[in-house]
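Count along the sequence shown starting at 1, add 29, and that's the number in the numbering used here. To keep things clear, I will list the structure first and then write my remarks on it.
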Amino acid sequence: MEKIPKTRWHRLLGMLLEELLTPVGIEVHTELQVMADPPKADILLLRRKHPTWTSEQLERLPDGIRESDADHILLEFKYSESVGLSAFRQAVGYDYFYKDSKELTDRQVRTFLISAKTTRKQTLDKFGYSPTDKAGVYRSRHPLLESVPLLTLNELSEEPYNAYIKCFASRMKEKKAAFRTLKGQNIGSFSMRLLWLLQGLWNHWFFKGGAPMKQELTPEQVIEMGKMWGDVYLSTLSPEELVKAVGTKDILKGLRPEERLKGLRPEERLKGLRPEERLKGLRPEERLKGLSAEEIEAYLRKLKKKK
């Protein structure tokens, strides 16, 4: 029987967070080495420029993380496997070795275990995890696990700032709700790569049913898939709808000057420019081209009178 390659879902989540958070000043590193040799932690969010999260950053960070004061946020993500002893050991190990190798304090680093699946109550009780005032955010009273909060994506609230990460929830109902929330946001502020990634994920989960692939599903493949479907969708929009959907800046990004002006009439291309700006770069003979000898002579007489 042919073995189906295992998709490293943390790479897809890492790509989404990179496209989402880098524009607002949060560095995102995927598969980060926590010491001189492997193992590697799934994702690191790094805040360098500000002592606390900015309002822009808070709009994109989920419950649990947005309340943290730490500059270094380590994320261990479990998509297809249930949370258990092995996952907790991993998270605690990454938390300890990252702090030790970087010489950072407990206050500077916070490690989160993120589960796409709903964690069983029996498991929560066994490891001392209790719900907080934020739905889907759990903290442990166990001395070894108190530094590792647990986020359960299926249970996070439907606030817009949770929707980005809830795209990876295991329940289709929660996935769909997250995408509906994102659809109502100002997507003009998103990069095209982020839009393509979200479109590719939507296509994989809801058109293909999330079926296993014969090769690993990589972020690059998802983006290409989203680009294909996204271009088909965008081609159906009017110019006004297109600007509203993705913003003027992203529509023009990557186009050559001649491509940006294609289809415009000459007067439309020059609209808004001063006369001297319209003629800038032209040789004298090019500036005068099309004028009759009489028009040129009349203009010269006018100049002489001014002198």
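Don't be surprised by glycine CBs; every beta carbon is placed ideally from N, CA and C.
| Query | Result |
| --- | --- |
| Kindly indicate which three-state DSSP category Y328 falls into: helix, strand or coil? | helix |
| Quick one: using the 10 Å Cβ neighbour count with 16 as the cut-off for buried, is R312 buried or exposed? | exposed |
| Do A206 and E188 count as a contact pair if the criterion is CB distance below 9 Å? | no |
| Quick one, are the C-beta atoms of T152 and V121 less than 9 Å apart? | no |
| Is it buried or exposed, L299, if we count other Cβ atoms within 10 angstroms and call 16 or more buried? | exposed |
| Give the single residue among T148, A198, L42 whose Cα lies nearest to the Cα of A116. | T148 |
| How would you call D154, buried or exposed, if buried means at least 16 neighbouring beta carbons within 10 angstroms? | exposed |
| Report the three-state DSSP secondary structure of S199 (helix, strand or coil). | coil |
| Need the endpoints of the alpha helix (DSSP H) that T341 sits in, please. | The first residue shown for the chain is 30 and the last is 336, placing residue 341 beyond what the model contains. |
| Within 10 Å of its beta-carbon, does I72 have 16 or more other beta-carbons around it, so buried, or fewer, so exposed? | buried |
| Any beta carbon from chain C within less than 9 Å of E184's own beta carbon? | Annotation note: the requested chain C is absent from the structure, which comprises a single protein chain. |
| By DSSP, does F236 sit in helix, in strand, or in coil? | helix |
| How about G43 and G93: are their beta carbons less than 9 Å apart? | no |
| Assuming I158 contacts L179 under a Cβ cut-off of 8 Å, what Cβ separation, rounded to an integer in Å, is found between them? | Reading off the sequence, residue 158 comes out as Tyr, not Ile. Going by Cβ atoms, the distance from Y158 to L179 rounds to 6 Å, so yes, they are a contact pair. |
| Assuming K146 and S199 form a contact by the criterion Cβ under 8 Å, report the distance between their Cβ atoms to the nearest whole angstrom. | 5 Å |
| Going by CA-CA distance only, name the one from K78, S97, F197, G54 that's closest to F106. | F197 |
| Give a yes or no on whether the C-beta atoms belonging to I194 and L226 are separated by under 9 Å. | no |
| With DSSP run on the structure shown, which of helix, strand or coil describes H58? | strand |
| Below 7 Å CB to CB, which residues in the same chain sit around K212 once its five sequence neighbours on both sides are set aside? | none |
| Using the Cα positions of E306 and R316, report the straight-line distance between them to the nearest angstrom. | 12 Å |
| Please state the DSSP three-state secondary structure of I194. | helix |
| Using a Cβ-Cβ cutoff of less than 6 Å, which residues in the same chain neighbour G54 once the five nearest sequence positions on both sides are dropped? | K78 |
| I need the boundaries of the beta strand (DSSP E) containing F219, first residue and last residue. | F219 -> no beta strand (DSSP E), and no H or E assigned at all. |
| Looking at the strands, I want to know which residues DSSP matches up with T181. | S144 |
| In chain order, what residues of the same chain have a beta carbon less than 6 Å from the beta carbon of S220, not counting five sequence neighbours either side? | E48 |
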